[in-house]
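> Chains as they are written, first to last, in my numbering: chain A, 96 to 419; chain B, 173 to 449.
No residue lacks a Cβ here, since even glycine has one placed at the ideal position from N, Cα and C.
Since the structure is predicted, the reported quantities are computational estimates derived from the model, not experimental observations.
Starting off with a structure, shown below.
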């Protein structure tokens with residue numbers, strides 16, 4: 096049985112595997128649970144019990160599997176109700192969720208249902224001397240980050256974007272596995288799925304070694320960036336300004352609300368360098384930045400900075416690399 | 173049908189300065205903008221109204237200085253505008269913010285549809301729309317790029333997920349968050365612009381709004397800032413040069429070669445990147 100308290104991680108299942116972000120959190124949450132002196136519990140909702148066993152290999156003391164055939168797709172209402180019930184009976188002190196689209200859909204609703212605090216998109220977590228979980232979030236504009244705590248209400252809900260923590264290696268299946276078979280009915284769904292169209296491009300920027308990243312200064316001309324990325328065997332990423340403008344797919348957003356990347360090389364073109372973006376490249380091995388503005392903060396985050404206009408530089412660079 | 177569009181005014185990130193000594197943000201003289209994805213939300217709501225009729229009300233929370241931004245929404249085509257403005261609303265986290273906005277929707281007599289941007293460019297938590305839906309007891313659909321009304325009580329929303337798009341039928345009333353860039357925002361109408369300067373933006377204070385005074389502002393916010401610190405920045409070389417494009421390209425190419433790029437194999441390891449959508 097799950098005792099009261101504990102650090103819980105909601106693990107999101109995507110098709111036949113758990114989302115990497117859920118496992119990344121599980122890896123980090125082990126240390127949080129140890130520092131708090133509490134148990135680590137991984138909670139998941141799946142259509143068949145076989146899947147639950149996979150979670151037992153990532154260091155949790157206990158794995159709780161909510162199993163029902165109708166749980167093969169996420170639904171806000173069903174999942175909020177299920178998690179509310181588990182949280183009320185298990186009374187965890189902390190609940191982590193991966194900030195996937197469905198994870199955020201769920202976290203925001205669940206936090207209000209439970210009338211508790213939510214710290215979104217932390218870039219690091221620690222336990223302070225007062226045994227409180229502190230979630231660090233980049234502050235506006237740059238330079239500072241804010242440590243957020245939820246002192247009085249439980250659980251403290253925390254969401255984490257993909258790539259923030261390293262992916263743990265699966266070990267022996269050591270967690271105690273508990274299966275719960277909740278009542279779920281077709282009528283309890285809040286929505287009806289009419290269609291699902293799988294996406295061809297499911298590139299995972301967190302696993303890419305080379306990134307060519309464009310911001311406002313590209314003026315939307317991402318074709319040039321794609322040429323360069325292709326030449327370097329890498330992928331194209333973007334800042335929020337570029338994805339908000341519709342210049343490129345939202346899933347390629349890098350930064351606090353996008354993905355946190357760890358490439359060997361990042362070539363950053365026409366991005367001003369707001370901290371919400373630079374947290375997404377600070378784990379890069381080498382950063383090259385090109386920007387017209389010599390005072391752009393991006394140069395503080397770069398190894399090599401070039402002050403100048405993008406288009407002529409990138410065009411010549413692509414040519415130079417062809418000659419390589 | 174009443175549609176409420178939630179709209180947030182955010183400072184331009186590049187203009188905020190940080191005082192590293194005091195670890196505080198200097199927002200003085202910083203210009204603001206309407207949060208980009210909230211403009212997309214407005215556009216999507218207006219397009220639905222143009223097709224199906226009804227009223228679009230923009231709703232915001234903030235100081236009286238936000239009024240001109242709401243006038244922009246009126247000039248773009250919103251029917252009316254409401255600003256929830258009171259010092260008591262200040263310091264709100266997502267729980268208190270979503271509660272206050274929900275009270276705002278209730279003060280309008282509720283809505284069939286509430287449309288929000290998917291997240292703000294400053295706070296960026298993306299948690300207000302689902303929170304708002306929960307406070308109101310409405311259905312929700314988040315990260316939507318397409319919205320239709322196939323019937324009087326149903327919303328059809330296409331959600332953009334990591335591995336595909338999901339089309340859902342959701343019963344009204346509902347809260348929807350739309351992706352920034354999902355729809356081209358219409359131009360200002362100049363006749364409306366002139367009219368909007370004279371239009372009334374309804375300003376509602378905490379007393380008039382009613383509800384639970386313990387659920388708004390700082391008091392209603394379970395999360396608190398325990399500390400601020402300088403972002404630990406990785407050690408970078410910080411070499412900045414200003415040269416002609418040719419020399420710049422050569423310099424970058426040299427650096428890339430030193431790092432083993434492009435890879436020896438002429439064929440890149442991955443397929444070409446997907447085009448912009």
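(1) Give a yes or no on whether the minimum CB-CB distance between residue 399 of chain A and chain B is below 8 angstroms.
(2) Give me whichever residues DSSP pairs with residue 140 of chain A in a beta bridge.
(3) Residue 141 of chain A versus chain B: which residues are under 9 angstroms apart at the beta carbon?
(4) Output needed for residue 443 of chain B: all residues of its chain with C-beta closer than 6 angstroms, excluding positions within five of it in sequence on either side, in chain order.
(5) Regarding residue 126 of chain A and the ligand GDP, is the C-beta to nearest heavy atom distance less than 7 angstroms?
(6) Looking at the secondary structure, which residues open and close the alpha helix (DSSP H) in which residue 426 of chain B lies?
(7) Taking only the alpha-carbon atoms, compute the straight-line gap between residue 254 of chain A and residue 143 of chain A and give it to the nearest angstrom.
(8) Buried or exposed for residue 424 of chain B, please, with buried defined as at least 16 other CB atoms from any protein chain shown within 10 angstroms of its CB.
(9) Who are the near neighbours of residue 438 of chain B in its chain, counting only those whose CB is closer than 6 angstroms to its CB and skipping five residues on each side?
(10) Could you have a look at residue 253 of chain B and say whether DSSP puts it in helix, strand or coil?
(11) Is the region 379-396 of chain A touching the region 327-347 of chain A, taking contact as three or more C-beta pairs under 8 angstroms?
(12) What residues match up with residue 191 of chain A in a beta bridge as DSSP calls it?
(13) For residue 414 of chain A, does the count of other Cβ atoms within 10 angstroms reach 16, so buried, or fall short, so exposed?
(14) For a cutoff of 8 angstroms on Cβ pairs, would you count residue 263 of chain B as touching chain A?
(15) Out of A/112, A/283, A/261, point me to the one whose CA is closest to residue 175 of chain A's CA.
(16) At the 8 angstroms Cβ level, is residue 173 of chain B part of the contact set with chain A, yes or no?
(17) Go ahead and pull the three-state DSSP assignment for residue 179 of chain A.
(18) Residues of chain B with CB under 7 angstroms from residue 216 of chain A, in chain order?
(19) Does any CB atom of chain B fall closer than 8 angstroms to the CB of residue 248 of chain A?
(20) If contact is defined by three or more beta carbon pairs under 8 angstroms, each pair taking one atom from either stretch, is the region 164-171 of chain A in contact with the region 276-290 of chain A?
(21) Helix or strand or just coil, what does DSSP make of residue 388 of chain B?
(22) Assign residue 392 of chain A to one of three DSSP states: helix, strand, or coil.
(23) Less than 8 angstroms between CB atoms is the rule here; does residue 393 of chain A satisfy it with respect to chain B?
(24) Please classify residue 131 of chain A: does DSSP put it in a helix, a strand, or coil?
(25) Quick one: grab the DSSP three-state call for residue 278 of chain A.
(26) Between which two residues does the beta strand (DSSP E) harbouring residue 360 of chain B extend?
(27) Using a Cβ-Cβ cut-off of less than 7 angstroms, give me the residues of the region 163-178 of chain A that come near chain B, in sequence order.
(28) Which partner residues does residue 381 of chain A have in the DSSP bridge list?
(29) Measure from the alpha carbon of residue 328 of chain A to the alpha carbon of each residue in A/347, A/303, A/339, A/205, then state which is nearest.
(30) With DSSP run on the structure shown, which of helix, strand or coil describes residue 374 of chain B?
(31) Exposed or buried, residue 405 of chain B, counting other C-beta atoms within 10 Å across all chains shown (16 or more means buried)?
(32) Given residue 311 of chain B, which residues of its chain have a CB within under 6 angstroms of its CB, disregarding the five upstream and five downstream residues?
(33) Do residue 249 of chain A and residue 211 of chain A come within 8 angstroms of each other at the CB atom, strictly closer than that value?
(34) Can you list, in chain order, the residues of the region 306-319 of chain B whose Cβ is nearer than 8 angstroms to any Cβ on chain A?
(35) For residue 235 of chain B, which option in B/352, B/213, B/182, B/305 has the closest C-alpha, if you only look at C-alpha atoms?
(36) Whole angstroms is fine: what's the gap from residue 398 of chain A's alpha carbon to residue 220 of chain A's?
Reading it off the structure:
(1) With 8 angstroms as the cut-off, residue 399 of chain A counts as an interface residue toward chain B.
(2) Secondary-structure assignment with DSSP links residue 140 of chain A through a beta bridge to A/161.
(3) Going along chain B, no residue has its Cβ under 9 angstroms from residue 141 of chain A, so there is no contact; the nearest lies around 17 angstroms.
(4) Residue confidence is low: residue 443 of chain B scores 43 on pLDDT, short of 50, so the model does not pin down where it sits. No coordinate-derived value is stated.
(5) Because no ligand of any kind appears in the structure shown, any question about the ligand GDP cannot be addressed here.
(6) Looking at the DSSP string, the run of the alpha helix (DSSP H) that includes residue 426 of chain B is 417-430.
(7) Straight-line Cα distance between these residues: approximately 26 angstroms.
(8) Of the residues assessed, residue 424 of chain B falls on the buried side of the cut-off, its CB having 16 or more other CB atoms within 10 angstroms.
(9) Confidence at residue 438 of chain B is low in this model, with a pLDDT of 47, below 50, so the placement of that residue should be treated as unreliable; the coordinate-derived value is given next. Excluding residues within five positions, none has a Cβ falling inside 6 angstroms.
(10) DSSP, read as helix, strand or coil, puts residue 253 of chain B in strand.
(11) Result no; under three Cβ-Cβ pairs closer than 8 angstroms.
(12) Its beta-bridge partners are A/104, A/253.
(13) So residue 414 of chain A counts as exposed.
(14) No - not a single Cβ of chain A is within 8 angstroms of the one on residue 263 of chain B.
(15) Checking every option, the nearest Cα to that of residue 175 of chain A belongs to A/283.
(16) The C-beta of residue 173 of chain B comes no closer than 8 angstroms to any C-beta of chain A.
(17) Residue 179 of chain A: helix per DSSP, three-state reduction.
(18) Within 7 angstroms Cβ-Cβ: 296, 297.
(19) Residue 248 of chain A counts as touching chain B.
(20) The region 276-290 of chain A vs the region 164-171 of chain A: in contact.
(21) DSSP places residue 388 of chain B in coil when its eight states are reduced to three.
(22) Reduced to three states, the DSSP call for residue 392 of chain A is helix.
(23) Against chain B, the CB of residue 393 of chain A has no partner CB under 8 angstroms away; the residue lies outside that interface.
(24) It is helical.
(25) Correct three-state label for residue 278 of chain A: coil.
(26) Per DSSP, residue 360 of chain B belongs to no beta strand (DSSP E) and is neither H nor E.
(27) Result list: 171.
(28) Bridge partners of residue 381 of chain A: A/360.
(29) Among A/347, A/303, A/339, A/205, the Cα nearest to that of residue 328 of chain A is on A/303.
(30) For residue 374 of chain B, the three-state secondary structure derived from DSSP is strand.
(31) It counts as exposed.
(32) Hits under 6 angstroms: 342, 343, 346.
(33) It is a contact, given that the beta carbons lie within the stated cut-off.
(34) Per Cβ criterion, the list reads 306, 307, 311, 312, 313, 314, 315.
(35) The shortest C-alpha separation from residue 235 of chain B is found at B/182.
(36) If you draw a straight line from the Cα of residue 398 of chain A to the Cα of residue 220 of chain A, it is about 27 angstroms long.
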